[in-house]
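Read through the structure below, which is laid out as structure tokens, and then see the notes.
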Amino acid sequence: MPPVTGLPAPLGANGPLLRIAELTAGYRGKTVIENLDLVLDQEDMVALIGPNGCGKSTLLRAVTGVIPKASGEVKLRGRPLQHLPTHEVIRSGVGYLKQTRNIFPGLTVEQNLLLAHPDGRASSASRLRRLLSLFPLLADLQLKRAGLLSGGERQALALAMVLMRKAEVLLLDEPVSGLSPDNAEALLSGLDQLRREDGFSFLLVEHRLRVVAPWVNRILIMVRGRIVEDTRDVSILTDRQRLERHYQL
């Protein structure tokens with residue numbers, strides 16, 4: 006497992022990597038997050054946690070343009086993203102793993118991965134080989150039709166599809182959902198190795214706090230659409246009393 010320190014991550018070369026300012030968004034006229042401010046720096050490995058329905062997935066959907074933003078700014082290295090459609094946000098350097106409907110069930114694992122790569126065949130084959138070496142679970146399944154995978158295997162495939170395109174920041178909605186503890190740890194280990202190679206930062210939403218604790222260096226706690234805690238003290242993930250105090254705010 007990688008060592009995790011409490012030291013602040015350095016700023017990117019041109020300031021914050023991702024800046025979210027006064028972001029307001031919701032569904033069908035209901036505001037879920039309001040005037041939310043958040044900065045992600047280079048080398049941040051962030052776990053966004055909080056009770057069900059507090060707005061974690063809504064934040065990721067709003068940042069990536071999946072749902073409209075009522076107001077606010079989203080900038081990647083100073084480049085405005087808030088008015089871009091989702092596919093342009095992805096092209097700009099944001100990788101996004103959503104919870105559901107994130108694979109092509111009629112294609113094989115290998116075909117899904119190749120389809121997710123933005124460039125030519127030679128570079129896609131090279132990237133595919135690298136990801137299969139990092140995620141042995143998928144290497145054993147690459148010729149299997151994706152629709153026959155278990156829920157956890159599908160989520161692992163969906164994450165690998167996101168990683169086929171190199172990004173500057175990843176927004177991951179429950180990346181290890183449905184995986185056994187051993188497979189979840191193997192997947193997060195592969196993600197960490199690729200992070201060291203590619204240099205991306207990530208923000209993940211996850212409920213299995215003990216599983217992700219060794220792989221993050223910053224914790225954000227969200228309650229009712231607000232960030233109520235921003236800490237480098239990763240031990241909070243295994244401190245039930247401290248978490249309950251925040252969740253009851």
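Residue numbers (our numbering): 6 to 254. Cβ coordinates follow ideal geometry from the N, Cα and C atoms, glycine included.
Neighbourhood of residue i by C-beta, 8 Å cutoff - its chain only, sequence neighbours within 5 removed
i: V217; result: A52, V181, L193, L209, E211 and L242
i: Y32; result: T63 and I72
i: G156; result: S182 and G183
i: E234; result: I224, L225, I226, I241 and H251
Contact with chain C by residue i, beta-carbon distance below 9 Å
i: V239; result: In the displayed structure, chain C is absent; only one protein chain is listed.
Whether residue i touches residue j by CB criterion (9 Å)
i: L86; j: S206; result: no
i: R170; j: G70; result: no
i: A151; j: N117; result: yes
i: A67; j: T36; result: no
i: L89; j: R135; result: no
i: A172; j: G83; result: no
i: A121; j: A161; result: no
i: G60; j: I25; result: no
i: L41; j: V174; result: no
i: V221; j: M50; result: yes
i: L139; j: Q147; result: no
i: Q253; j: E179; result: no
i: L133; j: E158; result: no
i: L154; j: V114; result: yes
Close-in-space but distant-in-sequence residues of the same chain around residue i (CB under 6 Å, 5 per side omitted)
i: N107; result: A163
i: M6; result: Any reading at M6 must be qualified, since the residue scores a pLDDT of 43, below 50, and its modelled position is unreliable; no value is offered.
i: V44; result: P21 and R24
i: V94; result: T69, G70 and L86
i: L119; result: S129
i: T236; result: I224
Contact set for residue i: own chain, Cβ-Cβ below 7 Å, skip 5 residues either direction
i: R96; result: none
i: E39; result: T29 and G230
Counterpart residues of residue i in DSSP-defined beta bridges
i: M169; result: Note: M169 sits in no beta bridge, so no partner.
i: L192; result: In the DSSP output, where bridge partners are listed per residue, L192 has none listed.
i: D178; result: V210
i: V228; result: R231
i: R223; result: V51
i: T29; result: S76
i: V99; result: V174
i: T236; result: I224
i: R113; result: Reading the sequence as shown, one finds Thr at residue 113 and not Arg. R150.
Three-state class that DSSP yields for residue i in the structure shown
i: G34; result: coil
i: P85; result: strand
i: L154; result: coil
i: K74; result: strand
i: K61; result: helix
i: D42; result: strand
i: E93; result: helix
i: I241; result: helix
i: R106; result: coil
i: L23; result: strand
i: L146; result: coil
i: L136; result: helix
i: D187; result: helix
i: H251; result: helix
i: P283; result: Given that the chain is displayed from residue 6 to residue 254, the structure contains no residue 283 and the question cannot be resolved.
i: D124; result: coil
Review point. Three or more C-beta pairs closer than 8 Å, one from the stretch 224-231 and one from the stretch 55-67: is that the case here?
Key: Taking a cut-off of 8 Å on C-beta distances, the stretch 224-231 touches the stretch 55-67, as three or more cross pairs fall below it.
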